[in-house]
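A.B. asks: The following block contains the structure, expressed as structure tokens.
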Amino acid sequence: MRTETPTILFSEMTPPATLKDRFNRWYDEHHIPVRMKASGFLSAQRYRMNDQDNYLAVYEMTGPDVLKSEEYQKIKSQPSAETSEMLNAVSGFTRYLGNQISQRANDSSFIDAPVLYPVFFEVPKDRCEEFDAWNEEDHLPLLMEDKRWLGVRRFDIYDGEPNRFTRLALHYLSDRSALESDARKRARATPWRDRLAAEPWFKGHYLVFDRLGNRFRGENG
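Numbering (the numbering used here), first residue to last: 238 to 458.
Shown next, in the form of structure tokens:
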């Protein structure tokens, strides 16, 4: 069962063009399935960045201790020969771990939305309280007025590379056109957002991915 603090692993990789087909078979048939057998892994969903060969996997876990378990450490420290080959060949690697701090939805099955819109920020510790309040009281309510905005989950990033992000919002959209909506325009033009945007740290990192295949389910979730 989920704990009160769901945790995700957000991981991107870009394979060489010559290995793309092998990379996708390996990811679907080995890399994710091995992890889905480990205790604490609930599910995983793969994504692709538009027409580029940048791939994302978002793993759902019961909590932050899952990756510290002896079971997972054995998986990580004893990779197959193909896993070692693939991990040595990829570029564009990212790996962020986050604990969920909020969730809201227009649709109960939002987590399987066709479009994922991740937004990262590196928020100073002394500005997190206001940043979170702005999101929950001002920004997200306006975005969610558009029903194409199926759901939003926000995370406290406690570990990751290559950047030092501290906040991640995963926006689940029914269609990319939601990014051009009147609701988003209003959400990005409020006095509260303008005040925060004037601060030097307020620089978001915005990505858009399309869902790739079906969700993988953990055996022990």
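The beta carbon of each residue, even a glycine, is placed where N, CA and C say it ideally should be. Please read all numbers here as calculations on a predicted model, not as lab measurements.
Would you call the CB atoms of W438 and V360 closer than 8 angstroms?
C.D. replies: What you label residue 438 is simply residue 201 of the sequence shown in a count that begins at 1. What you label residue 360 is simply residue 123 of the sequence shown in a count that begins at 1. Yes.
A.B. asks: So the candidates are A318, A275 and Y292; which of them puts its Cα closest to the Cα of S306?
C.D. replies: Translated into the one-based positions of the sequence shown, residue 306 becomes position 69. Nearest C-alpha to S306: A275.
A.B. asks: Return helix, strand or coil for Q282, following the three-state DSSP convention.
C.D. replies: Residue mapping note: residue 282 aligns to position 45 of the sequence shown, counting from 1. Correct three-state label for Q282: strand.
A.B. asks: Between which two residues does the beta strand (DSSP E) holding S328 run?
C.D. replies: For the purposes of this step, residue 328 is identified with residue 91 of the sequence shown, where counting begins at 1. Element bounds for S328: S328 to A342.
A.B. asks: On the CB-based measure, 16 or more other CB atoms within 10 Å of its CB, does T255 come out buried or exposed?
C.D. replies: Sequence index remark: in the sequence shown, residue 255 carries index 18 (1-based). By the neighbour-count rule (16 or more Cβ atoms within 10 Å), T255 is not buried but exposed.
A.B. asks: Please report whether the beta-carbon of D447 lies at a distance below 8 angstroms from any beta-carbon of chain B.
C.D. replies: Given the protein chain composition of this structure (a single chain), no chain B is represented.
A.B. asks: Using the Cβ count rule (16 or more neighbours within 10 Å means buried), how would you classify F392?
C.D. replies: For the purposes of this step, residue 392 is taken as the residue at position 155 of the sequence shown. By the 10 Å Cβ count, F392 comes out buried.
A.B. asks: May I ask you to list the residues that DSSP assigns as paired with R390?
C.D. replies: The residue you call residue 390 lines up with position 153 of the sequence shown. Answer is Q340 and L407.
A.B. asks: Taking only three categories from DSSP, how would you classify F260?
C.D. replies: To locate residue 260, count along the sequence shown from 1; it is residue 23. Of the three classes helix, strand and coil, the one that applies to F260 here is helix, per DSSP.
A.B. asks: Within 10 Å of its beta-carbon, does G441 have 16 or more other beta-carbons around it, so buried, or fewer, so exposed?
C.D. replies: Along the sequence shown, one-based indexing puts residue 441 at 204. Exposed: under 16 other Cβ atoms inside 10 Å.
A.B. asks: Measure the C-alpha to C-alpha separation of P252 and P301 and round it to an integer number of angstroms.
C.D. replies: Reading the sequence shown from its first residue, position 15 is the one you call residue 252. Reading the sequence shown from its first residue, position 64 is the one you call residue 301. Approximately 28 angstroms, taken between the alpha carbons.
A.B. asks: DSSP state of T251, grouped into three classes?
C.D. replies: As a first step, residue 251 must be located in the sequence shown, where it is residue number 14. If DSSP states are grouped into helix, strand and coil, T251 belongs with the strands.
A.B. asks: By Cβ distance, which residues of its chain are closer than 6 angstroms to R283, with the 5 residues on each side in sequence left out?
C.D. replies: Residue 283 sits at position 46 when you count from the first residue of the sequence shown. So the qualifying residues of the chain are A294, L449 and G450.
A.B. asks: I need the DSSP call for M228, collapsed to helix, strand or coil.
C.D. replies: With the chain running from 238 to 458 in the structure shown, residue 228 is simply not present.
A.B. asks: Roughly how many angstroms lie between the CA atoms of D375 and E436, to the nearest whole one?
C.D. replies: Looking up residue 375 in the sequence shown gives position 138. Looking up residue 436 in the sequence shown gives position 199. Cα to Cα, D375 sits roughly 18 angstroms from E436.
A.B. asks: Which residue's Cα is closest to the Cα of V445: A424, E319 and L410?
C.D. replies: Reading the sequence shown from its first residue, position 208 is the one you call residue 445. Looking at the Cα atoms, L410 is the closest of the given residues.
A.B. asks: M238 to G277, Cα distance in whole Å?
C.D. replies: As a working mapping, residue 238 is identified with position 1 in the sequence shown. As a working mapping, residue 277 is identified with position 40 in the sequence shown. Residue confidence is low: M238 scores 41 on pLDDT, short of 50, so the model does not pin down where it sits. Its coordinate-derived value is still stated next. The straight-line gap from Cα to Cα measures roughly 9 angstroms.
A.B. asks: Secondary structure at M238, three-state DSSP: helix, strand or coil?
C.D. replies: The residue labelled residue 238 in the question sits at position 1 within the sequence shown. Low local confidence applies: a pLDDT of 41 at M238 is under 50, so the model's placement there is unreliable, with the coordinate-based value given in what follows. Reduced to three states, the DSSP call for M238 is coil.
A.B. asks: Does the beta-carbon distance from S459 to G397 come in below 8 angstroms?
C.D. replies: Nothing in the structure corresponds to residue 459, since the chain is present only between 238 and 458.
A.B. asks: Whether or not the stretch 399-415 and the stretch 346-358 are in contact is what I'm after, with contact meaning three or more pairs of Cβ atoms, one per stretch, closer than 8 angstroms; do they touch?
C.D. replies: Short answer: they touch.
A.B. asks: Is G335 closer than 8 angstroms to F247 when the C-beta atoms are compared?
C.D. replies: Looking up residue 247 in the sequence shown gives position 10. Looking up residue 335 in the sequence shown gives position 98. It is a contact, given that the beta carbons lie within the stated cut-off.
A.B. asks: Once you ignore the five residues that flank A342 on each side, which residues in its own chain have a CB closer than 6 angstroms to its CB?
C.D. replies: For the purposes of this step, residue 342 is taken as the residue at position 105 of the sequence shown. Counting only Cβ-Cβ distances below 6 angstroms, and skipping sequence neighbours, we find G388.
A.B. asks: Less than 8 angstroms between the C-beta atoms of Y292 and M250, yes or no?
C.D. replies: Along the sequence shown, read from residue 1 onward, the residue named residue 292 stands at position 55. Along the sequence shown, read from residue 1 onward, the residue named residue 250 stands at position 13. Yes. Within cutoff.
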